[in-house]
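Shown next, in structure tokens, is the structure this report addresses.
In the numbering used here, the protein residues as written are 9 to 444.
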């Protein structure tokens, strides 16, 4: 039986009581601190365990008591803490998969959202949602949406279907290019299209569409306005009860399509992940696995020669920083493209990889994207404060806690409450999230 939430559910059981360790200096003794259970000392570092849902409250309390947060590190609820003993993420295989981009709890990529895949119950995670998507705060009335609907999709054809995972990598990830000739389908970077797989679901009804983030610019990979591309990983996992290997219906269909075969396309949809039109903007991108899809579209628009020639009104002169989490080096999707951009535009593009099964974080555990964010938290915080900076997060929802923890610590050094500041960013349309 297909169960979309199986992997995430297992991970949430392991990480259900997520604890973070605050290292604090400068806390003063007072009547209030005497009434707490904190291990307060007059000098040196104090280590305070804080549940995820109380991180910001504790940060405010520490600030009121004159303390300064030196660092915030994730620990498991059962992990002992001895002074500055080794800390780290949960190390179970399930939790690793849930936070490193090594698998997906839903079919597809980028935001990869099955829409009514088999049943409402199977599509829900513990919060009742398949995907977390922040609401766009600005009106984008000129952005095309729903040109093709599920009851009248466009029938496109596969032009190419190329593997992205190199030898020795994990899983199957494909770059698919579809022919849009004869359609009215127009899209822009950051949008998604729907794919309707053939066949019937378990209830005997036609399969519903799944959404996939577009991996190409508005002009397509051939810069001729006639194609759209996707980056798709085949969903595969063991059923937690039967141990049966389960394959995603739509992702498997897409990954094994051959050139010339037809595909039902709907959309485009989405206004949350759109790039700013300002060529001087700064763009921070944090992606796991196939969450790279919209980031590739951004980078092509910003840096590819053919794209720059096709967009004389948009000549990017800002700074883009991609922090990319994958399990192994062969899983660095679009590696050659990214390295080419970095070599050609060293002052405008920075690539930072978190390769979980090959690199170690400062605590000796596996290097996840949230560890890279923590490593560069102060620099990222300074960049985020710039009014020209937009931040995009795409991929597995598991990375969000660690990202928030790292930026909470960086902001706290200046007496700023990250959660409040983040709300301001969202209101200003500078914080963009699509996670699943």
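From the three backbone atoms N, C-alpha and C, an ideal C-beta is built for every residue, glycine too.
The criterion of a C-beta distance shorter than 7 Å is satisfied by residue 199 and residue 276.
Contact holds between the region 305–320 and the region 219–237, because three or more Cβ pairs, one in each stretch, are under 8 Å apart.
Under the three-state reduction of DSSP, residue 436 is assigned to coil, being neither helix nor strand. Just so you know, the alpha carbons of residue 321 and residue 395 end up roughly 22 Å apart. Rounded to the nearest whole angstrom, the C-alpha separation of residue 261 and residue 427 is 41 Å. Contact annotation: residue 385 and residue 375 have beta-carbon atoms that are not nearer than 7 Å. Restricting attention to 29, 65, 436 and 62, the CA atom closest to the CA of residue 280 is found in 436. Beta-bridge analysis with DSSP links residue 238 to 184 and 222.
Taking C-beta separations shorter than 6 Å and ignoring five residues to either side along the sequence, the partners of residue 194 in its chain run 152, following chain order. In the DSSP assignment, residue 398 falls within the beta strand (DSSP E) that extends over 397–403.
Secondary structure of residue 81 (DSSP, three-state): strand. Spanning the alpha carbons of residue 63 and residue 337 requires a straight line of approximately 34 Å. Inside the region 341–403, DSSP marks whole alpha helix (DSSP H) runs of 4 or more residues at positions 343–352, 377–383 and 385–392, from first to last along the chain.
The residue among 389, 323 and 176 with its C-alpha nearest the C-alpha of residue 422 is 389. If you draw a straight line from the Cα of residue 291 to the Cα of residue 432, it comes to about 17 Å. Three or more beta-carbon pairs separated by less than 8 Å link the region 179–192 to the region 157–165, which places the two stretches in contact.
Bridge pairing for residue 290: 327 and 397 [DSSP]. Taking C-beta atoms under 8 Å as the contact rule, residue 298 and residue 341 qualify, at a distance of about 7 Å. Here residue 165 is bridged, per DSSP, to 187 and 270. For the pair residue 306 and residue 442, the CB atoms are not nearer than the 7 Å cut-off.
Around the Cβ of residue 251, a 10 Å sphere holds fewer than 16 other Cβ atoms; the residue is exposed. In the DSSP assignment, residue 244 falls outside any alpha helix (DSSP H) and lies within the beta strand (DSSP E) extending over 244–246. Going by DSSP, residue 200 is part of the beta strand (DSSP E) stretching over 200–204. Per DSSP, residue 255 is one residue of the beta strand (DSSP E) stretching across 253–255. Between the C-alpha atoms of residue 382 and residue 400 there is a straight-line separation of about 17 Å. Of the residues 343, 273, 265 and 325, the one whose Cα lies closest to the Cα of residue 300 is 343. Between residue 369 and residue 178, the CB-CB gap reaches or exceeds 7 Å. Going by DSSP, residue 207 is part of no alpha helix (DSSP H) at all; its letter is neither H nor E. Counting along the chain, residue 281 sits inside no alpha helix (DSSP H), nor does DSSP assign it H or E at all. Around the Cβ of residue 264, a 10 Å sphere holds fewer than 16 other Cβ atoms; the residue is exposed. Cβ contact annotation for residue 207 (same chain, cutoff 6 Å, sequence separation greater than five): 215, in chain order. For residue 250, the secondary structure class from DSSP, reduced to helix, strand or coil, is coil. With a 10 Å radius around the Cβ and a threshold of 16 neighbouring Cβ atoms, residue 412 comes out buried.
In the displayed model, residue 170 falls within a strand according to three-state DSSP.
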